[in-house]
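The block underneath contains the structure these notes are about, expressed in structure tokens.
4 protein chains.
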Amino acid sequence: MKKRQLLKKQIKHIDIKSFDSTPMIKSMGEMAFQARNLARAAEIYDKMVSEEDVTIILCLAGSLFSAGLKKLAIDLVRCNMVDVIVSSGAIIVDQDFFEALGFKHYHGTPHIDDEMLRKMSIDRIYDTFISEDDLRICDLTVTKIADSLPPRPYSSREFIKAMGEHLYKNHPEAESVILECYKRDVPIFVPAFSDCSAGFGLICHQQKRGKAEKVTIDSAKDFLELTKIKIKTADTGLVMIGGGVPKNFVQDVTVAADVLGHQVNMHKYAIQITVADERDGALSSSTLKEAHSWGKVDSGFEQMVFCEATIAFPLIASYVYHRKSWQKRKPKRNNRFLDERED
Amino acid sequence: MKKRQLLKKQIKHIDIKSFDSTPMIKSMGEMAFQARNLARAAEIYDKMVSEEDVTIILCLAGSLFSAGLKKLAIDLVRCNMVDVIVSSGAIIVDQDFFEALGFKHYHGTPHIDDEMLRKMSIDRIYDTFISEDDLRICDLTVTKIADSLPPRPYSSREFIKAMGEHLYKNHPEAESVILECYKRDVPIFVPAFSDCSAGFGLICHQQKRGKAEKVTIDSAKDFLELTKIKIKTADTGLVMIGGGVPKNFVQDVTVAADVLGHQVNMHKYAIQITVADERDGALSSSTLKEAHSWGKVDSGFEQMVFCEATIAFPLIASYVYHRKSWQKRKPKRNNRFLDERED
Amino acid sequence: MKKRQLLKKQIKHIDIKSFDSTPMIKSMGEMAFQARNLARAAEIYDKMVSEEDVTIILCLAGSLFSAGLKKLAIDLVRCNMVDVIVSSGAIIVDQDFFEALGFKHYHGTPHIDDEMLRKMSIDRIYDTFISEDDLRICDLTVTKIADSLPPRPYSSREFIKAMGEHLYKNHPEAESVILECYKRDVPIFVPAFSDCSAGFGLICHQQKRGKAEKVTIDSAKDFLELTKIKIKTADTGLVMIGGGVPKNFVQDVTVAADVLGHQVNMHKYAIQITVADERDGALSSSTLKEAHSWGKVDSGFEQMVFCEATIAFPLIASYVYHRKSWQKRKPKRNNRFLDERED
Amino acid sequence: MKKRQLLKKQIKHIDIKSFDSTPMIKSMGEMAFQARNLARAAEIYDKMVSEEDVTIILCLAGSLFSAGLKKLAIDLVRCNMVDVIVSSGAIIVDQDFFEALGFKHYHGTPHIDDEMLRKMSIDRIYDTFISEDDLRICDLTVTKIADSLPPRPYSSREFIKAMGEHLYKNHPEAESVILECYKRDVPIFVPAFSDCSAGFGLICHQQKRGKAEKVTIDSAKDFLELTKIKIKTADTGLVMIGGGVPKNFVQDVTVAADVLGHQVNMHKYAIQITVADERDGALSSSTLKEAHSWGKVDSGFEQMVFCEATIAFPLIASYVYHRKSWQKRKPKRNNRFLDERED
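Residue numbers (our numbering), protein chains in the order written: chain A, 1 to 343; chain B, 344 to 686; chain C, 687 to 1029; chain D, 1030 to 1372.
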């Protein structure tokens, strides 16, 4: 088999505007089990969107964009249904930035010889393939961006903004969350920024600089910036896909504000779509009720949906999109707020 | 109910030296399903330990130390059965450093009113309780350490070494992985270092410094340092408990070495204990065979064990401990190696 | 709190005709992970329906009808999209027959004191409540039916047909799978028939009869009857919701036919919606590829969908309904075939 | 590859007497998450054993004996740590009876071409292989036993007793739960008895008899017999491995006794080892607290352990064995009780 044959059928991103899940969600709200939970999560998300003053934070973990959920996220940004993004590195760099550079994800299969794939430089994500060669170009583009920046500690948000600027200049037509957020001043935080293609790019940059001044990624600055957004915002709502670091990071900011001496409200709304379960004590699966004991998430409007995101998230997002509560929202432009405070 | 009543029965750490799982593991190797997988993982870990030149990297994710696995990790470090640790922040700071300061985790229950806990400042981790007040002292100790350091970008490893020094001076008797690793020059990396109590401590430090020079945490430096260890080491073995960022981070270094122009072997050995499953495409659950397609993990000596870590890890660790292959191992002192290269 | 207050909001059954999932399914087929699996399962089901000669067997396990999936099953029967049903007892008796007698399932919550529920005679199914008193009437109705039948061994199918006749005479307007199948001669098998409300009814009957002749339930006869259907049918397709006994039972008939000396094809098509996973060796989660080694399920057109049924099944069923391939199908009336062979 | 090569390394059964899990269990009781749950389940089982009057019912589902847990069950029967068994069919017939006839289970792998296995008549159970030819002999032996019995409706218990007699006469040295229970008058119930190799055997018998009198399997009689045991017993304890029909069946008997006009206690003790989770509403995973709302399981001494049985059950059973509370227990000989009532 040839590499070209295995990288043939592209993954396409689902368009939540092309179908209306409203009648199905309405019915699911009358049922039981995860159908009812999913419907309730959709209602809570719509409630967040209806309250103009609520800052909505989207948390992303898992291989979501390689699986076809990128366009969905772009649509949420365009409709002001998301004001801040906190994500794992792979989604933002290896998947979004990667596709913005013109590369693709392909239909694959888990029933295949991984040694054969390795020899062909094909990387597998469960049932999806990409070319390792393409990914290396993505790494090197990050190096190029780092090389071009004044050497100093950056928050991941600042660095991702620079990636957005790179796309704006070189790939202005790309369908990209980074680009869309750049244009709309929506901050993107990646708390473990070196844990992805960006990490490869950055160590190349740092290695080259040797003992000279270089770009560094200050993860504490990320936490401080996100906390500043929480402090200036009365109420916040969380839309969490998967768990992991993004979930924990964003839940922590209410406590962080307190530590810095500011009284803030707990996150008022919170929904999470996950397949994890809570019984092993891992964070990804810790329930939103448990988060309440920590003073992180308010009770009342929180809902877990135990379902894989490629099925559940389009259903929920299509519902909230078609309810049109977002039409009254305005962009919050938190990048401007943070950059101004910086100066 | 009073707070004191809920924080009464302390979690105690299991001692893998106090029982010998060898006969049970031997039998499990003759069975099927997860028993056989667990036995095979134990064999592979013993194989890693038997090869003196193999650098063994322990990856930790999930609330493992609050659940009683801290002493187990200390014993592995003491017996040179671990040469490098890569962990989530909570385990190292909120749990290990926290207990080293004299605080405790307590038996709790998930069947309780979380609003009541919140009012009492009790934080819940599934069936475990801690005092939020104690945790705040932990945060502030991190601030104090940051305040005392020369302002510059630090890898998490460097900062955690400073925490070890703090314990060495102020709590020399503490039962602590950080302290033990400090004394034995074992590096600890936390790729998402702000995503825990350390984050709280660091933003207090940075906020106080304002525009002045300050301590920053450079996650790219972490990645570069871990890659340097991989480059100087012929062979590596991974012992992964849970998935998440630590798993991904450590798997990536074989590719990172390649990006920096060094030909290195894939990780030769890899075991993972997890309850996640692979079907949602999340990293925590991606199988070690999938990692092989990326050129990260060699095939042949890899084994997933689908079981909760509090049950599976003591069985495996007790087996390898009692096999005594570790008695021939010498400390690798990778902290010295990295600090020398720094200068 | 009063019992009436807890049994207030009725579960309503989703209507797959009221929304068209086609555009969503089409998009999901271009994605990855469970979205793509779900789309492929929908395509395979449509393929079964398109081939007039394929006998479609619906397997049901889990509390599906109490959760709002009863109407969906009725619609499948009405459209000849199902030719045989194999189910767990609770779905057919405690849920379908129960509702046909006029009783209801109600919105409940898992976050409640189960001892309080017990005292109120409210039974909980995760987040759903029913009245134990209503269920006892259901039990007794089964006793009455048994009392009215000539004493002899019955297959569960024969007994359920008698329950259909009871509904036809006494509750002709009921929305019931049993009733619909009775009217359309669709056989329903419940291989563990005593393991539900029917069991309660039957032991009352048998206890009353003492040593006299009585109605007995011959589970071997079930197996023989289902095997006879397989023998007379060229090709079969399985639509499995959950696993358990129904899944195993129906897969076994291809081997059973062979044991009886008839060469038959493996099941040509098979889809399964489940949240179980395969790693513990339990039947519910054994993959359809594993079934192939046993010569039960053919390879090529089989698909697992790892998703909770209340979400996945309506999406799939609505798609197949709106494709209209079913309009060319005719009822197979397997009850008549079996009853004739009986005589 | 030849069939003989794939069927080479036999599965061996773990011997809970050969290692003492007591120190490990004691430590696990001081930890958190599933370790603590497992320790608590072991304590509860020991409590059941300590109370001589408690009838202990062991429920088995999943491929437990093919995975090496058969000897464990035999030891529990020999030590009077089990008074009644309720099981899925495969465990008792396809696995226990199968091995008693001299056949074996073999180490296999899930990473194999199932079509190749099918052509070789090798059946796969996750990572275990058996010869389909051997299984056919097992089926036919059931036919032979059925042929030899007076035609009438039998409970599965009665039929399994006849299988025990067959072993007693023809394979008196076999290591078999059926044989051991036969010798000690321990009843074994299989509520879905046709759903396994016994089903194949029985339909051959019934087909041969045609319209003549034949052996039938009355599942209602099973339920009635088990309920009679509950009625004559003050207190009962449940040890459940997996869920499914056996779990539901045995939980139902407290309600069944009530339906028959007898006031009985709920099951006083209940432990369950499972990997299922409760969120899809399936029975296997419904928690023991939920069962309490139905009046089936008492609260106070119930414990779920979320762990695969091949790991958890030997740990628990070895603990209870070595505590020696069983030494005061006497055999309950419920087969005699039921057979006397029959006459």
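Positions of the beta carbon are idealized from the N, C-alpha and C atoms, including for glycine.
Where residue i falls: helix, strand or coil (DSSP)
i, result
"K352 (chain B)", "coil"
"I14 (chain A)", "coil"
"V1106 (chain D)", "helix"
"V1111 (chain D)", "coil"
"L101 (chain A)", "coil"
"E340 (chain A)", "helix"
"C882 (chain C)", "coil"
"V779 (chain C)", "helix"
"M717 (chain C)", "coil"
"V1083 (chain D)", "coil"
"G68 (chain A)", "coil"
"M734 (chain C)", "helix"
"T708 (chain C)", "helix"
"T922 (chain C)", "strand"
"S1248 (chain D)", "helix"
8 Å Cβ cut-off: residues of chain A touching residue i
i, result
"P709 (chain C)", "S18 and F19"
"L724 (chain C)", "I311"
"R461 (chain B)", "H292, S293, W294 and G295"
Neighbour list for residue i in chain B, Cβ cutoff strictly below 8 Å
i, result
"S87 (chain A)", "Ordered by position in chain B, no residue passes the 8 Å Cβ test against S87 (chain A), which lies about 12 Å from the chain."
Which listed residue (the options) has its alpha carbon closest to that of residue i
i, options, result
"P191 (chain A)", "A:I122, A:T227, A:K70 and A:D53", "A:T227"
"V250 (chain A)", "A:T216, A:A276, A:A291 and A:V215", "A:A291"
"T484 (chain B)", "B:P494, B:L510, B:A619 and B:S498", "B:L510"
"K247 (chain A)", "A:I44, A:I273 and A:P151", "A:I273"
"I125 (chain A)", "A:I137, A:K119, A:I112 and A:R136", "A:I112"
"T1084 (chain D)", "D:Y1298, D:S1322, D:V1334 and D:R1065", "D:Y1298"
"G1272 (chain D)", "D:T1316, D:V1293 and D:F1229", "D:T1316"
"D944 (chain C)", "C:K982, C:E801, C:M926 and C:G754", "C:K982"
"F1094 (chain D)", "D:L1087, D:N1066, D:S1079 and D:D1123", "D:D1123"
"K1014 (chain C)", "C:L1001, C:M734, C:T814 and C:K712", "C:M734"
"E737 (chain C)", "C:G887, C:K1018 and C:L1024", "C:K1018"
"F189 (chain A)", "A:Q206, A:P172 and A:Y154", "A:Y154"
Within chain D, the residues that residue i reaches when beta carbons sit closer than 9 Å
i, result
"G411 (chain B)", "S1056, M1057, E1059, M1060, A1061, F1062, A1064 and R1065"
Listed by chain order, chain B residues near residue i by CB distance under 9 Å
i, result
"F1383 (chain D)", "Absent from the model: residue 1383 (chain D). The displayed extent of chain D is 1030 to 1372, so no value can be given."
Residues that residue i contacts on chain B, provided the C-beta gap is smaller than 7 Å
i, result
"T1157 (chain D)", "A375"
Chain-ordered neighbours of residue i on chain D, where CB pairs are closer than 8 Å
i, result
"C890 (chain C)", "V1288 and L1289"
"D358 (chain B)", "S1056"
Residue i: contacting residues in chain A (beta-carbon distance under 9 Å)
i, result
"F592 (chain B)", "A192, S194, D195 and G199"
Which runs of the beta strand (DSSP E) spanning at least 3 residues fall entirely within the region 794-872 of chain C, listed in chain order?
-> Inside the region 794-872 of chain C, DSSP marks whole beta strand (DSSP E) runs of 3 or more residues at positions 808-811 and 814-817, from first to last along the chain.
Which whole runs of the alpha helix (DSSP H) in the region 243-329 of chain A are 4 residues long or more, in chain order?
-> Counting whole runs of 4 or more residues, the region 243-329 of chain A contains the alpha helix (DSSP H) stretches 244-259, 288-293 and 309-323.
Kindly confirm or deny that the region 178-194 of chain A and the region 158-167 of chain A touch, where touching means at least three C-beta pairs closer than 8 Å.
-> Touching, yes, given that three or more Cβ pairs across the two stretches are closer than 8 Å.
Okay, do the region 895-909 of chain C and the region 759-766 of chain C touch, 3+ Cβ pairs below 8 Å being the bar?
-> Not touching, per the Cβ criterion.
Indicate whether the contact test is met: 3 or more Cβ pairs, each with one atom in the region 93-113 of chain A and one in the region 8-20 of chain A, closer than 8 Å.
-> Segments in contact, yes.
Touch test, the region 700-709 of chain C against the region 909-923 of chain C, Cβ-Cβ under 8 Å, three pairs minimum = No: fewer than three Cβ pairs fall under 8 Å.
Meets three-Cβ-pair contact criterion under 8 Å: the region 385-400 of chain B and the region 1089-1105 of chain D | They do not touch, by the three-pair rule.
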